[in-house]
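Below: the structure, in structure tokens.
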Amino acid sequence: MDNFVVFGNPVSHSKSPRIHQLFAEQTGIDHRYGSRCAPLEGFAAAFHHFVSEGGAGANVTVPFKQDAWQLANVLSDRAAIAGAVNTLKRLPDGRILGDNTDGVGLLSDLQRLSMICHGDRILLVGAGGAARGVIQPLLDAGAQITVVNRTRARAEELAALFAASGRVKVRDIGQVADSRIDLIINATSSGIQGEVPSLPAGLITPAVRCYDMFYGRQSTPFLDWCRKQGATQCADGLGMLVGQAAHAFQVWHGILPETAVAIATLKAEMCE
Ligand code: ATR
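Under the numbering used here, the first residue of the sequence shown is numbered 669, with each subsequent residue one higher.
Below you can see the structure in the form of structure tokens.
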């Protein structure tokens, strides 16, 4: 039986082992999937040790996604663009493939929820690694993207990576008050501190779809704020988490699991 783990620090909260157990049951592919807390300065050593024990692949979460990007011998196109790796796979010749399924995980969740349409004007809030990982799949889905960030310079740096597309622009937070947007995506880590990124009132109307890449047991601070502004179509990032896991499963096993049942199961378990 092939062995997989998720690396992180901390990692005990990770839902990946449970999600992959659900996928194994659904597909009949029996893999073993655990979690490992790597030392902050010791990701590469921990991963190579895992491979020496016969490990076939791994997921990588905070704070090791860039370490994993550096460690990989071969990068998928989407990982190269994202500048980060969340999925590693030992290839038959011993080289390590680095892939990034976060962006496609978000896109597949937006499609599952019918929250994205070709030509959408998307306001992407945040300019860290989470934002960088999702821009290319959103462009591939035909979106026009405006990036806003607390620190504008980081948004400029991020948009410059996608300048060739001509469809990623940067605005000051204060400049977007009257913008017409179809979908707003929170890619900031503000929810971890229970905060909401500062955004102008009037931005959200009932027609604006709102997605938070963050998730929690209850609604998130960002989605609470959106609802107060009148939003009616809101979703948190639990579906993205399951979506990225499904695409990692596909990288390892060649089969894309169905996500809706796993999302419903996790939601129910989180409420217990
Ligand atoms: P990651 O790479 O994992 O996404 P990061 O590089 O720390 O993490 O980026 C976090 C993002 O959340 C950034 O866009 C950050 O804004 P700054 O670039 O101005 O730091 C944003 N962020 C974090 N806390 C925030 C808050 N309370 N309000 C608004 N934006 C916040």
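Glycine included, each C-beta is placed from N, C-alpha and C at the ideal position.
These numbers were taken from a predicted model, which means no experiment stands behind them.
Within the model, the alpha-carbon separation for Asp880 versus Ala740 is close to 29 Å. As summarised for the stretch 872-917, the continuous alpha helix (DSSP H) elements at least 4 residues long and confined to that stretch are 889-896, given in chain order. Excluding five sequence positions before and after Ala726, the CB atoms of its chain that fall closer than 7 Å to its own CB belong to Phe672, Val673, Val674, Phe675, Phe715, Phe718, Leu756, given in chain order.
When DSSP states are grouped into helix, strand and coil, Lys683 belongs to the coil group.
For Asp808, the enclosing alpha helix (DSSP H) has its first and last residue at 797-808.
In this model, Pro678 and Thr900 are separated by some 34 Å (Cα to Cα).
Leu743 and Leu791 have their C-alpha atoms spaced approximately 28 Å apart. Its chain contains Ile813, Phe830, Ser833, Arg835, Val836 as the residues whose beta carbon lies nearer than 8 Å to that of Leu807, once the 5 sequence neighbours on both sides are disregarded; these appear in chain order. In this structure the stretch 887-895 does not lie against the stretch 815-826, because fewer than three pairs of beta carbons, one per stretch, are closer than 8 Å. Counting only the Cα atoms, Gln804 lies some 13 Å from Ala828. Cβ neighbours of Thr856 within its own chain (closer than 7 Å, five residues either side excluded): Val793, Gly794, Pro865. Just so you know, the alpha carbons of Leu759 and Arg848 end up roughly 46 Å apart. Taking C-beta separations shorter than 7 Å and ignoring five residues to either side along the sequence, the partners of Arg839 in its chain run Thr814, Val816, following chain order. As computed with DSSP, Gly676 is found in a beta bridge with Cys705. Rounded to whole angstroms, the separation of the alpha carbons of Gly723 and Gly702 is 11 Å. Arg746 carries a helical assignment under DSSP once its states are collapsed to helix, strand and coil.
Exclusion of the five residues before and after Arg700 leaves Met669, Asp670, Asn671, Phe672 as the residues of its chain whose Cβ lies within less than 8 Å of its Cβ. Using a 10 angstroms sphere on the CB of Asp770, the tally of other CB atoms reaches 16 or more, which defines it as buried. In this structure, Asp777 places its C-beta atom within 8 Å of the C-beta atom of Gly907.
In this structure, Arg800 lies near Gly751, with their beta-carbon atoms less than 8 Å apart. The straight-line gap separating the alpha-carbon atoms of Asp850 and Cys902 is approximately 12 Å. Close CB contacts of Val772 within its chain, under the 8 Å cut and outside five residues either way in sequence, are with Arg746, Pro805, Gly911, Gln912, His915 (chain order).
Annotation for Val728: Phe675, Ala736, Val753, Asn754, Leu756 place their beta carbon closer than 7 Å to its own, counting only its chain and skipping 5 residues before and after.
Not one heavy atom of the ligand ATR sits closer than 7 Å to the Cβ of Gln843. With 16 or more other Cβ atoms from the protein chains shown falling within 10 Å of its own Cβ, Ile931 counts as buried. In the DSSP assignment, Gly794 falls outside any beta strand (DSSP E), carrying neither H nor E. Under the DSSP assignment, Gly773 falls in the alpha helix (DSSP H) whose first and last residues are 770-780.
By the neighbour-count definition (other C-beta atoms within 10 Å, threshold 16), Asp761 is an exposed residue.
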